[in-house]
Amino acid sequence: MIDTKNVKLVIPAKKYLFSYLDACCEYKSNGNWRFNVHDPEKFEEWKTSLFSTYENNRLGLNLPDGYVPSSAFWLVENNTFIGAGNIRHKLTPALEHFGGHIGYFIRPSKWNQGYGTLQLALLLKEAGKLGIDRVLVTCDEDNVGSYRVMEKNSGIYQDTIENIIEGRVRRTKRYWFDTSSKVWPNNK
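Those letters in the sequence shown? Residues 2 to 189, by the numbering used here.
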């Protein structure tokens, strides 16, 4: 069971960076190419870029085509990086089909321990603070852990649709959350 007193959602900060990199290595060893640890010779440049990208995304500056402003958060326990989440401030037609308002992940060593459920609850609370009353969260149909996290957070299932992502058909489950009427954990 998680001791929620020691777990919090934070703005990404350099003091958690090495723990974040450990999580990236966990993901890479788990076969996820998106968390490839960068060239050591370019580490300082990458580190600076990571945090400036988060800030630019939050402010809506220098966004690639099709991107919307977004706020990044890290879930930490004591000083250990547990997971990351991103809240997109608005939806585009593409995000309505795949991606939604919130994306999140938990490092593999912390799967099936309740961190995903807690993290989504905290991200929904933050979305409410940003004025997003109806929040869409999506996941691949075969990502059982993710859709169970959504259901544990009282997500209302809308449907399962087919998308073509990176050249392959992916079935996507879509869930909606009403942040205006639900009291999320630690909401005071």
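Every residue, glycine too, gets a C-beta built ideally from N, C-alpha and C.
Around the Cβ of Val145, a 10 Å sphere holds fewer than 16 other Cβ atoms; the residue is exposed. Ile103 is a Cβ neighbour of Arg89, given a cutoff of 9 Å. By the neighbour-count criterion, in which 16 or more other beta carbons inside 10 Å mark a residue as buried, Thr93 falls on the exposed side.
Of the candidates Leu62, Lys174, Glu78, His98, Glu78 places its Cα closest to the Cα of Tyr21.
One alpha carbon belongs to Thr81, the other to Leu18, and they sit about 9 Å apart. Setting aside the 5 residues that flank it on each side, Lys153 is surrounded in the same chain by Thr118, each with a C-beta closer than 7 Å to its C-beta; the list follows chain order.
For the pair Leu64 and Asn58, the CB atoms are nearer than the 9 Å cut-off. Classified as exposed, Trp47 has fewer than 16 neighbouring CB atoms from the shown chains inside 10 Å of its CB. Checking the DSSP bridge columns, you'll see Lys174 partnered with Cys140, Thr161. By the Cβ-count criterion, Ile133 is buried, with 16 or more other Cβ atoms from all chains shown falling within 10 Å of its own Cβ. Sequence-distant partners of Pro109 (beyond 5 residues in either direction) whose C-beta falls short of 6 Å from its own C-beta, in its chain, are Glu27, Asn31. Per the C-alpha coordinates, the member of Val170, Leu96, Ile157, Lys15 positioned closest to Gly67 is Leu96.
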